[in-house]
Amino acid sequence: MLTILDQLPDGILDVDATGMHEFVADHTLVHLPGKITRPLFISILQHGDETTGWDAVKALLNNHQKQLPRSIYLLFGNVQAAAKNTRQLDQQPDFNRCWPGLHRQDHAVARKLAEITDLMAEIKPFASIDIHNNSGRNPHYAGINSLNGEFVNLASLFSETIIHFTSPDGIQSGAFARFCPSVTIECGMSGTADGIEQTLTFLENLIHLSTLKQIPGVAEHQQVLNIFSTVKVKPEISIAIDGVLPDEAPEGVDFVINDDLDYLNFHLIEPGTVFGRITREDLPMPFAVTDQIGHDITAHYFEQHGQEIRLKQKVVPAMITQSIKAIRLDCLCYLMHPLKQESTPAMPASD
7 MLTILDQLPD GILDVDATGM HEFVADHTLV HLPGKITRPL FISILQHGDE TTGWDAVKAL
67 LNNHQKQLPR SIYLLFGNVQ AAAKNTRQLD QQPDFNRCWP GLHRQDHAVA RKLAEITDLM
127 AEIKPFASID IHNNSGRNPH YAGINSLNGE FVNLASLFSE TIIHFTSPDG IQSGAFARFC
187 PSVTIECGMS GTADGIEQTL TFLENLIHLS TLKQIPGVAE HQQVLNIFST VKVKPEISIA
247 IDGVLPDEAP EGVDFVINDD LDYLNFHLIE PGTVFGRITR EDLPMPFAVT DQIGHDITAH
307 YFEQHGQEIR LKQKVVPAMI TQSIKAIRLD CLCYLMHPLK QESTPAMPAS D
């Protein structure tokens, strides 16, 4: 049963993300009325250890205690995982892979998210914002699932760094993209002051805007990077970060990842760049690179040179992480290239 509140529980603005489970359950939706009735949809804490969204929303709501300039639907994500400051609990699926997508899912979380999606499809929000953090060194950036002009304008309000992606399946911004401009914003490491400030400024701008068709000072078509493949470490390969003793295999590991690899994020890197090393030459390639439709393209982009795993083509990596848990639950990184955009018509928008 979907829980929709018409106000925030008393006292919730006084707690950090670890205390939210005492006030709301996972996937609680709160409607906060504002002067402009067409709402902004905001999703926070789909991953429990990504807390910038809640910090920024708290600041936003404290700034507008009398009346919001625009109505908001606020979705609380994985508050149970947030209580333990972890991405997700062991028995849980990744909430941001359970939204309606190309592949139908039939379990409790997917059904709840489908219900939320259907409700919002009827309401047609002004825009949808899904707020995340990274576990590696990345600039603050915005991700969109459509090159429609309003999507690009929305993303540009947050960052000049924009990526376009169509996978993984089952993500919130992808589910909402069919009925409103939607964006995933990545705000750097969780809880950092600059990430909170940039997110708050972005939200403040959005609740005052009347349209996303034309925004003064924002180019309608900025340079967009396209994610074309995902790099996943094979489940049978044990891994460690160089210089860090792994918990999963204290006797040794198969693949050792460079401890400064995440410095390469969002930089064009050259062939020959070393991603890490295998500990024995008879070991197989430690990860698989797949394109957006699942084809294995590993051999085109990586090669083994002795025990080193080296890049074969120029690419721009994104979201390289130094977290073993994040690598296991999600991926090592994504690979991107600049996208040449065609002019596309904007979606209808009105309040």
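Using my numbering, the letters of the sequence shown map in sequence onto residues 7 to 357. Note that beta-carbon positions come from the ideal geometry of N, C-alpha and C, so glycine has one too.
Rounded C-alpha distance that separates residue i from residue j
i: H146; j: I169; result: 11 angstroms
i: D22; j: Q319; result: 44 angstroms
i: C104; j: E309; result: 34 angstroms
i: T217; j: G59; result: 23 angstroms
i: G54; j: T92; result: 5 angstroms
i: E226; j: E166; result: Confidence in E226 is poor, its pLDDT being 48 and thus under 50, which makes the residue's placement too unreliable to answer from.
i: R334; j: A31; result: 27 angstroms
i: F234; j: Q71; result: 43 angstroms
i: A133; j: L35; result: 16 angstroms
i: D336; j: V295; result: 13 angstroms
i: M26; j: K118; result: 19 angstroms
i: L209; j: K238; result: 33 angstroms
i: D358; j: T43; result: This structure cannot settle anything about residue 358, because the visible part of the chain is limited to 7 through 357.
Exposure of residue i, with buried meaning 16 or more beta-carbon neighbours within 10 Å
i: P256; result: Note that P256 has pLDDT 43, beneath the 50 cutoff, so the model's placement of it is unreliable and the number below is only indicative. Per the 10 Å Cβ criterion, exposed.
i: K240; result: exposed
i: I315; result: buried
i: N68; result: exposed
i: E287; result: exposed
i: L274; result: exposed
i: K3; result: Nothing in the structure corresponds to residue 3, since the chain is present only between 7 and 357.
i: A114; result: exposed
i: I184; result: The question names Ile, but residue 184 in the sequence shown is Arg. Burial call: exposed.
i: I247; result: buried
i: E156; result: buried
i: Q13; result: exposed
Within 8 angstroms, strictly: CB atoms of residue i and residue j
i: Q52; j: Q178; result: yes
i: T285; j: V259; result: yes
i: G149; j: E192; result: yes
i: V250; j: N264; result: no
i: A199; j: T123; result: no
i: L338; j: F293; result: yes
i: Q328; j: S141; result: yes
DSSP bridge partner residues for residue i (one or two, in chain order)
i: F185; result: Its beta-bridge partners do not exist; DSSP assigns none.
i: E242; result: Per DSSP, none; premise fails for E242.
i: Q97; result: DSSP output for Q97 lists no bridge partner at all.
i: G282; result: I263, I315
i: E192; result: H138, Y147
i: I50; result: F82
i: A133; result: L46
Any C-beta of chain D under 8 angstroms from that of residue i
i: A324; result: Checking the listed chains, one finds no chain D in this structure; it contains a single protein chain.
Any non-hydrogen atom of the ligand MG within 7 angstroms of residue i CB
i: I191; result: Among the ligands in the structure shown, none appear at all, so the ligand MG cannot be discussed.
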